[in-house]
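Report on the structure given below.
Numbering (UniProt numbering), first residue to last: 1 to 422.
The following block contains the structure:
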């Protein structure tokens with residue numbers, strides 16, 4: 001680890017032409033913006049050029065004031081991102097805490113390393129864990145380039161990327177150095193997979209433990225690297241995609257049938273996991289690393305390539321062509337049922353007949369049962385489906401049954417709360 005913790009190494013970052021500058025001896029407010037990388041000196045400053053990458057602490061560290069009790073995230077954000085955070089109507093906001101005793105413990109598993117386990121019964125709708133990241137960086141700042149073509153080594157773009165990522169590694173190292181000693185110790189103690197891409201231990205920690213696709217800022221700067229010549233993969237909305245590395249959340253293991261659902265909360269800058277259904281004391285708490293809407297073979301390939309793991313969850317052990325089809329189509333099926341109901345004249349009537357109501361309900365109920373059997377209840381689609389079912393039953397005058405499904409939906413309330421504001 002001393003490779004990237006030596007003071008001489010960490011106090012140097014590189015200009016676009018490769019010349020080093022010493023930020024500790026720089027007399028201006030910030031590092032020259034022409035170099036695109038800025039170390040924030042004035043925590044009250046909000047606006048930066050859109051192409052600047054700004055290293056900052058959120059919440060800011062203020063001289064003479066104690067550290068934030070929820071910790072400070074070391075962030076490398078593109079120019080307009082900070083204003084998106086601090087101008088949020090609820091900023092600054094404390095990281096929410098679970099009610100009662102801590103719901104989880106960190107324990108050794110039989111074959112997954114460390115993991116999170118329920119320390120007590122966790123009830124539907126409960127907040128299981130909320131945590132501010134130790135490190136937050138753009139997804140395109142990592143060592144591995146997801147948009148490179150197969151012929152990348154022969155392309156000018158690849159050679160440019162190699163130099164760019166070398167500079168970006170310096171930026172990441174500087175961010176780690178700025179952490180408190182406790183936060184840095186937690187960061188460096190995270191597991192490094194043997195299947196990580198080549199690079200420093202710092203890159204290995206990020207590649208192994210980062211939570212990807214934290215989409216919470218809205219429209220920011222354009223994504224430069226995804227538009228390079230020879231790209232064979234369409235860019236996601238990379239301008240508001242960030243990676244977060246966390247102390248406890250990063251230790252949560254994977255299942256293709258997770259039992260918690262995540263949400264990133266902008267004003268508190270925290271990732272939160274809710275339990276939509278009861279988790280019994282002693283059960284392991286699982287999140288998902290791969291796209292749950294993909295079939296078995298694609299999920300396994302993605303997990304093997306990035307993490308070197310083979311998932312043996314019930315959904316993978318019992319995978320069939322029918323379960324693969326369900327995962328691929330379930331979101332679109334829900335959208336079709338939602339549109340069909342709300343575009344029908346029936347939905348606008350004060351009440352509907354049982355026959356008409358069941359015409360809409362039967363495919364919804366069939367999908368709900370299939371999702372439950374496949375272990376896809378900890379998904380937004382399942383929660384919204386239960387709410388839609390409750391709406392139809394309410395129109396049919398079957399209030400008791402409607403209340404049952406609304407009670408299920410209430411387990412997702414923490415997830416859906418505030419999402420419309422982001």
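Heads up, the beta-carbon is just placed ideally off N, CA and C, and yes, glycines get one too.
For residue i, decide whether its Cβ has a neighbour in chain D, counting only Cβ atoms nearer than 8 Å.
i	result
residue 128	As a matter of chain content, chain D is missing from the structure shown, which is built from one protein chain.
For residue i, does the three-state DSSP call read helix, strand or coil?
i	result
residue 201	helix
residue 395	helix
residue 192	coil
residue 56	strand
residue 370	helix
residue 262	strand
residue 71	coil
residue 270	strand
residue 126	strand
residue 354	helix
residue 275	strand
residue 37	strand
residue 97	coil
residue 363	helix
residue 284	strand
residue 43	coil
residue 135	strand
residue 253	strand
residue 324	helix
residue 115	strand
residue 230	Bear in mind that the predicted position of residue 230 carries a pLDDT of just 34, short of 50, making it unreliable; the figure below should be weighed with that in mind. Residue 230 falls in the coil class under three-state DSSP.
residue 309	coil
residue 414	helix
residue 291	coil
residue 91	coil
residue 239	Unreliable positioning characterises residue 239 in this predicted model, as indicated by a pLDDT of 46, which lies under 50. A coordinate reading is not provided.
Just the C-alpha distance for residue i and residue j, rounded to the nearest angstrom, thanks.
i	j	result
residue 311	residue 117	18 Å
residue 100	residue 284	19 Å
residue 36	residue 168	11 Å
residue 250	residue 339	37 Å
residue 429	residue 352	As displayed, the chain neither begins before 1 nor continues past 422, which places residue 429 out of reach and without an answer.
residue 371	residue 185	41 Å
residue 41	residue 259	42 Å
residue 50	residue 308	37 Å
residue 304	residue 245	20 Å
residue 377	residue 346	28 Å
residue 82	residue 324	40 Å
residue 375	residue 65	47 Å
residue 79	residue 63	24 Å
residue 363	residue 38	54 Å
residue 119	residue 126	13 Å
residue 76	residue 61	15 Å
residue 359	residue 84	45 Å
residue 350	residue 279	38 Å
residue 25	residue 204	Model confidence at residue 25 stands at a pLDDT of 38, short of 50, so the residue's coordinates are unreliable; what they give is reported in the following sentence. So the alpha carbons of these two residues sit roughly 30 Å apart.
residue 226	residue 242	Summary for residue 226: the model assigns pLDDT 30, below 50, so the residue's position carries little reliability, and this model does not support an answer.
residue 391	residue 356	14 Å
residue 230	residue 138	The predicted model places residue 230 with a pLDDT of 34, which falls under 50 and marks its position as unreliable, so this point remains unresolved.
residue 330	residue 407	22 Å
residue 209	residue 261	18 Å
residue 314	residue 327	14 Å
residue 301	residue 290	10 Å
Taking all protein chains shown into account, do 16 or more other C-beta atoms lie within 10 angstroms of the C-beta of residue i, making it buried, or fewer, making it exposed?
i	result
residue 248	exposed
residue 46	exposed
residue 342	exposed
residue 320	exposed
residue 395	buried
residue 166	exposed
residue 322	exposed
residue 53	buried
residue 191	exposed
residue 368	buried
residue 34	Below a pLDDT of 50, predicted positions are generally treated as unreliable, and residue 34, at 41, falls in that range; no measurement from the model is reported.
residue 218	The predicted model places residue 218 with a pLDDT of 34, which falls under 50 and marks its position as unreliable, so this point remains unresolved.
residue 74	buried
residue 318	exposed
residue 475	With the chain represented from 1 up to 422, any question about residue 475 goes unanswered, as that position is not in the structure.
residue 413	exposed
residue 57	buried
residue 59	buried
Pull up the CB-CB distance for residue i and residue j, whole angstroms please, since I reckon it's below 8 Å.
i	j	result
residue 187	residue 123	The Cβ separation is near 32 Å, so there is no contact.
residue 415	residue 383	7 Å
residue 55	residue 207	That belief does not hold up - the Cβ atoms of residue 55 and residue 207 are roughly 20 Å apart, past 8 Å.
residue 115	residue 107	6 Å
residue 254	residue 286	7 Å
residue 276	residue 411	4 Å
Review point. So, do the region 82-99 and the region 123-138 have three or more beta carbon pairs nearer to each other than 8 Å?
Key: yes
Check your understanding: Can we say the region 170-180 touches the region 294-306, given the rule of at least three CB pairs closer than 8 Å?
Key -> No contact exists between the region 170-180 and the region 294-306.
Check your understanding: How about the region 87-95 and the region 268-279: do they share at least three Cβ pairs that are nearer than 8 Å?
Key -> Short answer: they touch.
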